[in-house]
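S.K.:
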Amino acid sequence: MPTIKELIMDEHIDNSRGVVLRPSLLPTYERGGSARSTPLVGTEIGAKAFLNGMTVIGPGAAIPLHTHNCEESIVILEGEAIAEIDGAQHALRPFETSWVPADIPHRFINASDKTPLRILWTYGRTDATRTLVETGETRPVVAEHDRSRVPQASA
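Quick note on our numbering: the sequence shown kicks off at 62 and runs consecutively.
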(Lines of atoms letter the chains of each structure in order from A; the text may use other names.)
(Lines give C-alpha, C1' and ligand atoms only; values in the text may rest on other atoms or scores of the structure.)
Protein backbone atom coordinates (compact mmCIF):
# COMPACT_ATOMS: atom_id res chain seq x y z
CA MET A 62 0.00 0.00 0.00
CA PRO A 63 1.39 3.45 -0.86
CA THR A 64 2.27 6.00 1.81
CA ILE A 65 0.40 9.29 2.20
CA LYS A 66 3.23 11.06 0.40
CA GLU A 67 3.07 8.64 -2.53
CA LEU A 68 -0.71 9.04 -2.75
CA ILE A 69 -0.62 12.82 -3.00
CA MET A 70 2.81 13.70 -4.34
CA ASP A 71 2.38 13.25 -8.06
CA GLU A 72 2.47 15.66 -10.96
CA HIS A 73 -1.29 16.29 -10.75
CA ILE A 74 -1.50 17.44 -7.12
CA ASP A 75 -0.10 20.63 -5.61
CA ASN A 76 -0.08 20.04 -1.85
CA SER A 77 1.04 23.63 -1.18
CA ARG A 78 -2.59 24.61 -1.85
CA GLY A 79 -4.17 21.96 0.40
CA VAL A 80 -4.89 18.26 0.21
CA VAL A 81 -7.92 16.02 0.50
CA LEU A 82 -7.19 12.73 2.28
CA ARG A 83 -9.34 9.63 1.95
CA PRO A 84 -8.77 7.41 5.00
CA SER A 85 -10.06 4.31 3.21
CA LEU A 86 -7.09 4.61 0.84
CA LEU A 87 -4.45 5.28 3.51
CA PRO A 88 -2.33 2.78 5.43
CA THR A 89 -3.37 1.74 8.93
CA TYR A 90 -0.84 0.59 11.53
CA GLU A 91 -1.25 -1.80 14.45
CA ARG A 92 -0.20 -0.10 17.70
CA GLY A 93 -0.67 -3.11 19.95
CA GLY A 94 -3.21 -3.55 22.72
CA SER A 95 -6.09 -3.83 20.23
CA ALA A 96 -5.47 -0.35 18.79
CA ARG A 97 -4.74 0.58 15.18
CA SER A 98 -4.12 4.04 13.78
CA THR A 99 -4.45 5.79 10.45
CA PRO A 100 -2.27 8.92 10.29
CA LEU A 101 -3.85 11.77 8.33
CA VAL A 102 -2.34 15.27 8.36
CA GLY A 103 1.40 15.45 9.06
CA THR A 104 4.70 16.74 7.79
CA GLU A 105 4.62 14.29 4.86
CA ILE A 106 2.00 16.48 3.22
CA GLY A 107 3.41 19.80 4.34
CA ALA A 108 1.80 20.38 7.76
CA LYS A 109 3.90 22.72 9.87
CA ALA A 110 1.91 23.13 13.09
CA PHE A 111 -0.03 19.95 13.95
CA LEU A 112 -0.58 16.22 13.37
CA ASN A 113 -3.85 14.33 13.27
CA GLY A 114 -5.25 10.92 12.52
CA MET A 115 -7.72 8.29 13.62
CA THR A 116 -7.37 5.37 16.00
CA VAL A 117 -9.72 2.44 16.49
CA ILE A 118 -9.62 0.85 19.95
CA GLY A 119 -11.08 -2.65 20.20
CA PRO A 120 -13.94 -3.62 22.53
CA GLY A 121 -12.93 -3.42 26.19
CA ALA A 122 -9.41 -2.21 25.32
CA ALA A 123 -7.59 0.92 26.47
CA ILE A 124 -4.66 3.09 25.45
CA PRO A 125 -2.01 3.07 28.23
CA LEU A 126 -1.78 6.09 30.54
CA HIS A 127 0.60 8.60 28.93
CA THR A 128 1.55 12.26 28.50
CA HIS A 129 2.60 14.39 25.51
CA ASN A 130 5.00 17.29 25.01
CA CYS A 131 2.12 19.32 23.55
CA GLU A 132 -1.62 19.75 23.84
CA GLU A 133 -3.93 17.13 22.31
CA SER A 134 -7.58 17.07 21.35
CA ILE A 135 -9.64 13.91 20.86
CA VAL A 136 -13.05 13.73 19.15
CA ILE A 137 -15.10 10.58 19.62
CA LEU A 138 -16.28 9.51 16.15
CA GLU A 139 -17.95 6.18 16.98
CA GLY A 140 -18.62 4.23 20.15
CA GLU A 141 -18.46 5.27 23.77
CA ALA A 142 -15.32 6.13 25.68
CA ILE A 143 -14.05 6.79 29.12
CA ALA A 144 -11.48 9.58 29.03
CA GLU A 145 -9.19 9.45 32.03
CA ILE A 146 -7.54 12.86 32.34
CA ASP A 147 -5.28 13.63 35.28
CA GLY A 148 -7.00 10.97 37.39
CA ALA A 149 -10.60 12.00 36.63
CA GLN A 150 -12.80 9.81 34.45
CA HIS A 151 -15.29 11.28 31.95
CA ALA A 152 -17.83 9.38 29.83
CA LEU A 153 -17.81 10.52 26.20
CA ARG A 154 -20.17 9.79 23.30
CA PRO A 155 -19.84 10.48 19.57
CA PHE A 156 -18.73 14.01 18.70
CA GLU A 157 -17.91 14.91 22.28
CA THR A 158 -14.38 16.28 22.48
CA SER A 159 -11.55 16.45 24.97
CA TRP A 160 -8.61 18.82 25.23
CA VAL A 161 -5.55 17.80 27.23
CA PRO A 162 -2.69 20.22 27.98
CA ALA A 163 0.93 19.10 27.63
CA ASP A 164 2.35 16.86 30.38
CA ILE A 165 -1.06 15.83 31.80
CA PRO A 166 -1.48 12.03 32.20
CA HIS A 167 -4.42 10.68 30.22
CA ARG A 168 -5.81 7.70 28.33
CA PHE A 169 -8.89 6.55 26.49
CA ILE A 170 -10.80 3.40 27.33
CA ASN A 171 -13.36 1.73 25.12
CA ALA A 172 -16.44 1.61 27.37
CA SER A 173 -18.01 -1.20 25.33
CA ASP A 174 -17.10 -4.86 25.38
CA LYS A 175 -18.91 -5.34 22.05
CA THR A 176 -18.17 -2.46 19.67
CA PRO A 177 -15.00 -0.62 18.64
CA LEU A 178 -14.23 2.95 19.63
CA ARG A 179 -13.06 5.30 16.83
CA ILE A 180 -11.36 8.58 17.73
CA LEU A 181 -9.88 11.50 15.81
CA TRP A 182 -6.75 12.88 17.47
CA THR A 183 -4.92 16.15 16.92
CA TYR A 184 -1.55 17.10 18.42
CA GLY A 185 -0.46 20.73 18.66
CA ARG A 186 3.03 20.05 17.25
CA THR A 187 4.43 18.05 14.37
CA ASP A 188 7.15 16.70 16.68
CA ALA A 189 4.68 15.43 19.30
CA THR A 190 5.95 12.76 21.66
CA ARG A 191 4.22 10.18 23.86
CA THR A 192 5.66 9.26 27.28
CA LEU A 193 4.22 6.15 28.92
CA VAL A 194 3.52 6.84 32.59
CA GLU A 195 4.27 3.25 33.65
CA THR A 196 7.74 3.00 32.07
CA GLY A 197 8.80 6.60 31.37
CA GLU A 198 9.58 5.60 27.76
CA THR A 199 9.26 8.54 25.36
CA ARG A 200 8.86 8.13 21.61
CA PRO A 201 7.76 10.40 18.78
CA VAL A 202 4.08 9.91 17.97
CA VAL A 203 5.01 9.34 14.32
CA ALA A 204 7.14 6.33 15.36
CA GLU A 205 3.84 4.51 16.00
CA HIS A 206 3.15 4.94 12.29
CA ASP A 207 6.48 3.71 11.00
CA ARG A 208 6.07 3.83 7.23
CA SER A 209 8.55 0.96 6.82
CA ARG A 210 6.13 -1.47 8.54
CA VAL A 211 3.66 -3.46 6.52
CA PRO A 212 0.28 -1.71 6.79
CA GLN A 213 -2.59 -3.59 8.45
CA ALA A 214 -6.29 -3.63 7.55
CA SER A 215 -7.88 -0.18 7.16
CA ALA A 216 -9.46 1.55 10.16
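No residue lacks a Cβ here, since even glycine has one placed at the ideal position from N, Cα and C. Just so we're clear, the structure is a prediction, and the values are computed from it rather than from any experiment.
Does DSSP put Thr-104 in a helix, a strand or coil?
M.R.: Counting from one through the sequence shown, the residue named residue 104 turns up at place 43. Three-state DSSP puts Thr-104 in a helix.
S.K.: Provide the residue(s) that pair with Glu-91 in DSSP beta bridges, ordered along the chain.
M.R.: As a first step, residue 91 must be located in the sequence shown, where it is residue number 30. Paired residue(s): Arg-97.
S.K.: For Gly-148, count neighbouring Cβ atoms within 10 angstroms of its own Cβ and tell me buried if that reaches 16, exposed if not.
M.R.: Indexing the sequence shown from 1 puts residue 148 at position 87. Burial call: exposed.
S.K.: From Thr-128, Thr-99, Arg-186, pick the residue whose C-alpha is nearest to that of Ala-199; which is it?
M.R.: Reading the sequence shown from its first residue, position 138 is the one you call residue 199. With the sequence shown as reference, residue 199 is identified as Thr, and Ala is not the correct amino acid for it. Comparing Cα positions, the closest option is Thr-128.
S.K.: Terminal residues of the continuous beta strand (DSSP E) containing Leu-112?
M.R.: Locating residue 112 in the sequence shown gives position 51, where the first residue counts as 1. Unbroken beta strand (DSSP E) run through Leu-112: 112-118.
S.K.: DSSP on Leu-126, reduced to helix/strand/coil?
M.R.: Position 65 of the sequence shown, counting from 1, holds the residue named residue 126. Leu-126 falls in the coil class under three-state DSSP.
S.K.: Going by DSSP, what residues sit across from Phe-169 in a beta bridge?
M.R.: Counted from its first residue, the sequence shown places residue 169 at position 108. Ala-144, per the DSSP bridge assignment.
S.K.: Tell me whether Leu-82 sits in a helix, a strand or coil according to DSSP, three-state version.
M.R.: The sequence position of residue 82 within the sequence shown is 21, counting from 1. Three-state result, Leu-82: coil.
S.K.: Is it buried or exposed for Leu-86, if we count other Cβ within 10 angstroms and need 16 for buried?
M.R.: Locating residue 86 in the sequence shown gives position 25, where the first residue counts as 1. Counting Cβ neighbours within 10 Å, Leu-86 comes out exposed, since fewer than 16 surround it.
S.K.: Taking 8 Å as the cut-off, does the region 137-144 touch the region 157-175 (at least 3 CB pairs, one atom from each stretch)?
M.R.: Touching, per the Cβ criterion.
S.K.: Can you tell which of Ile-106, Arg-179, Pro-155, Thr-196 has the C-alpha that lies nearest to the C-alpha of Thr-187?
M.R.: In the sequence shown, the residue the question calls residue 187 occupies position 126. The shortest C-alpha separation from Thr-187 is found at Ile-106.
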